[in-house]
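In my numbering, the protein residues as written are 11 to 299.
Every residue gets a Cβ at the ideal spot worked out from N, C-alpha and C, and that includes glycine.
Contents: one structure, followed by commentary.
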């Protein structure tokens, strides 16, 4: 029952119209994210394998190249033009702006590969709304590949520049014994004090490979890898992967099963998630004993 001061509940038609408007807005944001990826690809490829590439070492002892800086500057400039009210968080230039909407940029994920001439690297571009990643693009121009996804809009890839996009889906593997695991590095797990858990997980799965960086999550979304887990992550390392994996039907949490935010990530096809969490949580259980 309602009175004259109580607004009526929206009917289904109104709710559908609101959902359509939300989808349209997100579709426009995804279109911009793909345009930003085009810009990033061009800027990075212009300096890939350049003999005079400038490389510096940051205070955390990681590398930054002139290409990282150029890509992020270009992305920031275009975001400022197209979405002047949105904030930006980037690996190289930090946070600019505030509000509910924030673009998160890793200009070259896999900088060590980039500077060595290894083609496994790429731009990661995400849009978060109220801290939740809703749009993600991972572009690897040296391999001619790109993956993208958005909340409610699905996940897609292209197999070559200019190729027709195709929808992607995580695998249907339901047993760890049949699963393929990818991680970043043994050193990363050792530094996190979790190397024993990596070894335990490696013994349970069919095969393990360290594809590393953005490629692991893309392979997962495409159904070619079933489990990805890593540590020492910053927001720009993982934000773009979340919408891609989730839109492809997968699941992403911390390695403890909570929301992202502690610097770790576990991404799976969903069916294997709880089984992996059980293995990864073993040492924590023993710590409490």
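Measure how close the beta-carbons of residue i and residue j come, nearest whole angstrom, since I'm counting them as under 8 Å.
| i | j | result |
| --- | --- | --- |
| residue 179 | residue 167 | Their Cβ separation, rounded to whole angstroms, is 11 Å, which puts residue 179 and residue 167 out of contact at 8 Å. |
| residue 92 | residue 76 | In fact, because the Cβ distance is near 25 Å, the residues do not count as touching under 8 Å. |
| residue 132 | residue 224 | 5 Å |
| residue 290 | residue 211 | 7 Å |
| residue 37 | residue 209 | Not quite, the Cβ-Cβ distance comes to about 44 Å (not below 8 Å), so this is no contact. |
| residue 118 | residue 54 | 6 Å |
| residue 230 | residue 260 | 6 Å |
| residue 35 | residue 81 | With 8 Å as the limit, residue 35 and residue 81 do not qualify as a contact, their Cβ atoms being about 26 Å apart. |
Tell me where the alpha helix (DSSP H) around residue i begins and ends.
| i | result |
| --- | --- |
| residue 217 | Segment 217-219 is the beta strand (DSSP E) holding residue 217; no alpha helix (DSSP H) there. |
| residue 253 | 251-257 |
| residue 124 | 121-126 |
| residue 207 | 205-214 |
| residue 226 | 223-231 |
| residue 246 | 245-248 |
Can you give me the start and stop residues for the beta strand (DSSP E) that residue i sits inside?
| i | result |
| --- | --- |
| residue 80 | Careful: residue 80 lies outside any beta strand (DSSP E), inside the alpha helix (DSSP H) at 76-92. |
| residue 166 | 164-168 |
| residue 143 | 142-150 |
| residue 190 | 190-193 |
| residue 262 | 261-263 |
Can you tell me whether residue i is buried or exposed, with buried defined as 16 or more other CB within 10 angstroms of its CB?
| i | result |
| --- | --- |
| residue 226 | buried |
| residue 182 | exposed |
| residue 72 | exposed |
| residue 265 | buried |
| residue 78 | buried |
| residue 105 | exposed |
| residue 300 | Only positions 11 to 299 of the chain appear in the structure, and residue 300 is not among them; the question remains open. |
| residue 235 | buried |
| residue 142 | exposed |
| residue 278 | buried |
| residue 137 | buried |
| residue 69 | exposed |
| residue 127 | exposed |
| residue 171 | exposed |
| residue 271 | exposed |
In this structure, what does DSSP give as the bridge partners for residue i?
| i | result |
| --- | --- |
| residue 45 | Residue 45 pairs with nothing; no bridge assigned. |
| residue 106 | 98 |
| residue 238 | 192, 277 |
| residue 114 | 99, 136 |
| residue 289 | None, per the DSSP bridge assignment. |
| residue 159 | 146, 165 |
| residue 66 | 74 |
| residue 200 | Answer by DSSP bridge pairing: none, since residue 200 is not bridged. |
| residue 176 | 167 |
Is there a Cβ of chain D sitting closer than 8 Å to that of residue i, yes or no?
| i | result |
| --- | --- |
| residue 277 | Although the question refers to chain D, the structure presented lacks it and comprises just one protein chain. |
query: Hey, is the stretch 193-208 in contact with the stretch 239-259, meaning 3+ C-beta pairs nearer than 8 Å?
result: Judged by Cβ distances under 8 Å, the stretch 193-208 makes contact with the stretch 239-259, as three or more pairs qualify.
message: Three Cβ pairs or more, each shorter than 8 Å: is that satisfied between the stretch 113-127 and the stretch 204-215?
response: no
field: Three-pair Cβ contact test at 8 Å for the stretch 275-284 versus the stretch 144-156
entry: no
message: Would the stretch 252-271 count as touching the stretch 144-154 if we require 3 or more Cβ pairs under 8 Å?
response: The stretch 252-271 and the stretch 144-154 touch, with no fewer than 3 CB-CB distances between them shorter than 8 Å.
- request: Pair every Cβ in the stretch 99-114 with every Cβ in the stretch 185-194, then say whether three or more of these pairs are closer than 8 Å.
  value: Counting Cβ pairs under 8 Å, fewer than three are found: no touch.
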